[in-house]
DNA sequence: AGCAGGTCTTGATATATGTCAAAATGCGCG
DNA sequence: CGCGCATTTTGACATATATCAAGACCTGCT
């Protein structure tokens, strides 16, 4: 794994006292089990915007829980084309793809200054054998990722450009709200190019869709600051009508 | 779960004597552990073409291993649009999406007469706590599904029609070969409409791509019988150039 | 074997999105 | 604070794929 020098500051930090506990690993544990969980993740790493958390082909050793900031993941084709496969934020677990072959199959790049907790996977497996609720939770995290991916396939395979953007914005809104942030005031961490890659569109198409939404009074957009004005109509747009 | 009457024939069957063992659950087990695994999957169910293995919203209790035949999985949008998310064949595990919420988020339909082994998930979790290599394998199966989904996102998000079809055919070819079948003689189980849904294309586009490939000497197609003539050139088409 | 219904192919045309280009805007850095 | 570069917006045009439509082809059933 590529860990830039700025990331060498590693701090001991306890899951039991983490304010993301309810989002990240919300398992119901006894005091003793919680103490064992604290042994699991003993290191926190820092990343600056543009730093790689891991690259394609890197050896897999640990999952990572995002403590602050955000990352994008992407896969590459031999001819250089890339596809952004996800935008991850605080409380989310990153690196599940690599369990399959012990090698990372996508790469993860910080989109801003970010911190992650390292979760050594071998330890996590031992612990989840001993703590059924942790085992259950690990399974749910992986399954949730599969469900998320299915949703993106639906989006890429059968939605039109504006439907895709609406779905994307509603998803961001919902995740923002889940963190106690505004459901309507969004600060985009990613460029039009990156949004386009994620949604299978060109950046110009993304930009035009934003402009069109604004003309229609669905939102107000100023570069990366977006205010969602009409959530219900955005929802009908994505076919949940 | 919806189990049609024809499926009520359930047979006791042992993993230890199953000829798909190397594909399905290739874990390295002691004799004692193998005996325990045999307790896991005690029932086999039959399905005819068009039967549902499960529907969206069904309660989740078991994963299923496909013993023979094939299934398609699909997700639906409220307005009726559908997206085929996968074509599964013998040895593959189906139902991983439902672990997340204990409800199925996609539906699975048999594409021909098929048999599945039921794997009660609660038992699987107990067993995988006791048998580390089984735990590891379960994790790998789930991660592999995530990797597969990433590949489809890449396909849907950044490949053109003919590249998508080439990638699809090469994937079928490879899986056929993994089962000891021909890598070049393919008998498609799915219609052009279903292929189109999977690849984010209309059936006419799929049909035209087939015709074009045939004109170019890449393959010979006659309805659902496809013979791949030029595998290397098909590979260059999907951008592995 | 022959018919019927579904599936597949092919053609003509429409359209959503991509491409190319230029101007406007925002933002980090000195 | 303002310069300069990257990002975003907008326009004109190109094109890949969708749509609509007709005919051909399988395949299963009587």
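Chains as they are written, first to last, in our numbering: chain P, 59 to 299; chain Y, 59 to 299.
Cβ atoms here follow ideal geometry from the backbone N, Cα and C, with glycine treated the same way.
It should be emphasised that the depicted structure is a prediction, and the values quoted were computed from it without experimental measurement.
(1) Assuming residue 186 of chain Y and residue 177 of chain Y make a contact with CB atoms under 8 Å, what is their CB distance in whole Å?
(2) Looking at residue 166 of chain P and residue 151 of chain P, is the spacing between their C-beta atoms short of 8 Å?
(3) When DSSP labels each residue in this structure, what does residue 75 of chain Y get in the three-state scheme?
(4) Does the Cβ-Cβ distance between residue 111 of chain Y and residue 129 of chain Y come in under 8 Å?
(5) Quick one: grab the DSSP three-state call for residue 124 of chain P.
(6) How big is the Cα-Cα spacing for residue 270 of chain Y and residue 218 of chain Y?
(7) Please determine, among Y/157, Y/179, Y/163, Y/227, the residue with the shortest C-alpha to C-alpha distance to residue 97 of chain Y.
(8) By the three-class DSSP mapping on this structure, what secondary structure does residue 131 of chain Y have?
(9) Of all the residues that make up the region 190-204 of chain P, which are near chain Y by a beta-carbon distance shorter than 9 Å?
(10) Grouping DSSP H, G and I as helix and E and B as strand, with all else coil, what is residue 226 of chain Y?
(11) Closer than 7 Å between beta carbons: that is the criterion. Which residues of the region 116-144 of chain P meet it against chain Y?
(12) Can you tell me whether residue 168 of chain P is buried or exposed? The criterion is at least 16 other CB atoms within 10 Å of its CB, across all chains shown.
(13) Among residues of its own chain, excluding the 5 on either side of residue 66 of chain P, which ones have a beta-carbon nearer than 6 Å to its beta-carbon?
(14) Going by beta carbon distance, what residues of the same chain come within less than 6 Å of residue 75 of chain P, once the five residues before and after it are set aside?
(15) By DSSP, does residue 164 of chain Y sit in helix, in strand, or in coil?
(16) Can a CB atom of chain P be found closer than 8 Å to the CB of residue 113 of chain Y?
(17) Please tell me whether residue 82 of chain Y has its Cβ less than 8 Å away from any Cβ of chain P.
(18) Assign residue 162 of chain P to buried or exposed, taking buried as 16 or more other Cβ atoms, counted over all protein chains shown, within 10 Å of its Cβ.
(19) Taking only runs that begin and end inside the region 211-255 of chain P, name each unbroken beta strand (DSSP E) of 3 or more residues, in chain order.
(20) Note the first and the last residue of the continuous alpha helix (DSSP H) segment covering residue 265 of chain P.
(21) Roughly how many whole angstroms lie between the Cα atoms of residue 266 of chain Y and residue 259 of chain Y?
(22) Would you verify that the beta carbon of residue 211 of chain P is, or is not, closer than 8 Å to some beta carbon of chain Y?
(23) To the nearest angstrom, how far is the alpha carbon of residue 220 of chain P from that of residue 189 of chain Y?
(24) Consider the Cβ of residue 253 of chain Y: report whether some Cβ of chain P lies at a distance smaller than 8 Å.
(25) Count the other CB atoms within 10 Å of the CB of residue 156 of chain Y; is the residue buried (16 or more) or exposed (fewer)?
(26) For residue 261 of chain Y, would you say it is in contact with chain P, using Cβ-to-Cβ distances shorter than 8 Å as the test?
(27) According to DSSP, is residue 102 of chain Y helix, strand or coil?
(28) What in chain Y is Cβ-close to residue 163 of chain P, meaning under 7 Å?
(29) At a cut of 8 Å, does the region 203-218 of chain Y reach the region 246-262 of chain P through at least three beta carbon pairs?
(30) Assuming residue 297 of chain Y and residue 136 of chain P are in contact, meaning their beta carbons sit under 8 Å apart, how far apart are those beta carbons, in whole angstroms?
(31) CA-CA distance, residue 117 of chain Y and residue 182 of chain Y?
(32) Once the 5 residues before and after residue 293 of chain Y are set aside, which same chain residues still bring their CB inside 7 Å of it?
(33) Kindly indicate which three-state DSSP category residue 87 of chain Y falls into: helix, strand or coil?
(34) Just the chain P side, please: which residues come within less than 9 Å of residue 276 of chain Y by C-beta, in chain order?
(35) Residue 255 of chain Y and residue 242 of chain Y: beta carbons closer than 8 Å?
(36) Of the residues Y/85, Y/147, Y/289, Y/204, which one's Cα is nearest the Cα of residue 95 of chain Y?
This is what the structure holds:
(1) Residue 186 of chain Y to residue 177 of chain Y, Cβ: 11 Å. No contact.
(2) Contact flag unset, no.
(3) In this structure, residue 75 of chain Y counts as helix in the three-state DSSP scheme.
(4) Their beta carbons are under 8 Å apart, which means residue 111 of chain Y touches residue 129 of chain Y by this criterion.
(5) Three-state DSSP puts residue 124 of chain P in a strand.
(6) When only Cα atoms are considered, residue 270 of chain Y and residue 218 of chain Y end up about 14 Å apart.
(7) If you compare the alpha carbons of Y/157, Y/179, Y/163, Y/227 with that of residue 97 of chain Y, the shortest gap goes to Y/179.
(8) In the structure shown, the three-state DSSP call for residue 131 of chain Y is strand.
(9) The region 190-204 of chain P vs chain Y, Cβ under 9 Å: 190, 193, 194, 196, 197, 198, 199, 200, 201, 202, 203, 204.
(10) Helix at residue 226 of chain Y.
(11) For the region 116-144 of chain P, which is checked against every Cβ of chain Y, the residues closer than 7 Å are 133, 135, 136, 137, 139, 141, 143.
(12) Per the 10 Å Cβ criterion, buried.
(13) Because residue 66 of chain P carries a pLDDT of 42, less than 50, the predicted location of this residue cannot be relied on, and the following value inherits that uncertainty. Hits under 6 Å: none found.
(14) If the five residues before and after residue 75 of chain P are omitted, its C-beta is found closer than 6 Å to no C-beta atom of its own chain.
(15) Correct three-state label for residue 164 of chain Y: coil.
(16) Not a single CB atom of chain P sits nearer than 8 Å to the CB of residue 113 of chain Y.
(17) Judged by the 8 Å Cβ criterion, residue 82 of chain Y is not in contact with chain P.
(18) By the neighbour-count rule (16 or more Cβ atoms within 10 Å), residue 162 of chain P is buried.
(19) Look at the region 211-255 of chain P and you find these whole runs of beta strand (DSSP E), each 3 residues long or longer: 243-245.
(20) Segment 261-273, the alpha helix (DSSP H) holding residue 265 of chain P.
(21) Near 11 Å, if we compare the C-alpha coordinates of residue 259 of chain Y and residue 266 of chain Y.
(22) Closer than 8 Å: yes.
(23) Each residue's Cα considered, the two are about 48 Å apart.
(24) Using a Cβ-Cβ cut-off of 8 Å, residue 253 of chain Y does not count as an interface residue toward chain P, since no Cβ of chain P sits closer than that to its own.
(25) Here residue 156 of chain Y is buried, its C-beta having at least 16 other C-beta atoms within 10 Å.
(26) With 8 Å as the cut-off, residue 261 of chain Y does not count as an interface residue toward chain P.
(27) Judged by DSSP in its simplified three-state form, residue 102 of chain Y adopts strand.
(28) For residue 163 of chain P, the residues of chain Y that pass the 7 Å Cβ criterion are 205, 208, in the order they occur in the chain.
(29) Cβ pair count under 8 Å is three or more, so yes.
(30) With 8 Å as the limit, residue 297 of chain Y and residue 136 of chain P qualify as a contact, their Cβ atoms being about 6 Å apart.
(31) About 17 Å.
(32) Non-local beta-carbon contacts of residue 293 of chain Y in its own chain, meaning distances under 7 Å to residues more than five positions away in sequence, involve 228 in chain order.
(33) In the structure shown, residue 87 of chain Y sits in coil (DSSP, three-state: anything other than H, G, I, E or B).
(34) What residue 276 of chain Y touches in chain P: nothing, since even the nearest Cβ is about 19 Å away.
(35) Cβ distance not < 8 Å, so residue 255 of chain Y and residue 242 of chain Y don't count as in contact.
(36) For the options Y/85, Y/147, Y/289, Y/204, the alpha carbon positioned closest to that of residue 95 of chain Y is the one of Y/85.
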